[in-house]
Amino acid sequence: MSSTTATLNRLGRKRQALAQLRRGLAPGCSLTLLGDGWTLRRRTGRQDVFADVEELLVSLETPGTGAGSDWTGTEPARAVVGRLLTGAEWDGSRGE
47 MSSTTATLNR
57 LGRKRQALAQ
67 LRRGLAPGCS
77 LTLLGDGWTL
87 RRRTGRQDVF
97 ADVEELLVSL
107 ETPGTGAGSD
117 WTGTEPARAV
127 VGRLLTGAEW
137 DGSRGE
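47 is the number of the first residue of the sequence shown in the numbering used here; add one for each residue after it.
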């Protein structure tokens, strides 16, 4: 489990992260959360399941076919999640 997921769990902010991330998805995409698992349904209909929020963030940030274009938020997905965590508890530059 990444430190990002651990901190979201400890602070009880996974549902807030889900709501914030949903706002940045392209039309036709959906995001669900079950436990620590995140399921992203892409505009193409493909579903990707991520065991950790960090894996989801990497996927949303990675340009390429079926990825990257599903994120249309005004700021990076990582920054959206980072706002939910305090600076000392989350260092997005470490990629954890």
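Note that beta-carbon positions come from the ideal geometry of N, C-alpha and C, so glycine has one too.
Distance, residue j Cα to residue i Cα
i: Ala72; j: Pro109; result: 14 Å
i: Val127; j: Val99; result: 9 Å
i: Gly83; j: Glu121; result: 23 Å
i: Gly74; j: Arg56; result: 31 Å
i: Thr90; j: Ser49; result: 31 Å
i: Thr85; j: Arg92; result: 10 Å
i: Asp94; j: Thr51; result: 18 Å
Where residue i falls: helix, strand or coil (DSSP)
i: Gly128; result: helix
i: Ser48; result: coil
When the options are compared against residue i, the one with the closest alpha-carbon
i: Gly81; options: Arg87, Leu106, Leu64 and Arg88; result: Leu64
i: Leu106; options: Ala97, Ala52, Leu67 and Leu54; result: Leu67
i: Trp117; options: Lys60, Arg59 and Ser76; result: Ser76
i: Leu103; options: Arg61, Gly91, Ala125 and Arg88; result: Ala125
i: Ala123; options: Thr90, Gly70 and Arg87; result: Gly70
i: Arg61; options: Ala97, Arg129 and Leu79; result: Leu79
Query - Entirely enclosed beta strand (DSSP E) segments - the region 54–87, minimum 3 residues - result: 76–80 and 83–87
Query raised in the report: In chain order, which beta strand (DSSP E) runs of at least 3 residues are fully inside the region 88–117?
Result: 93–96
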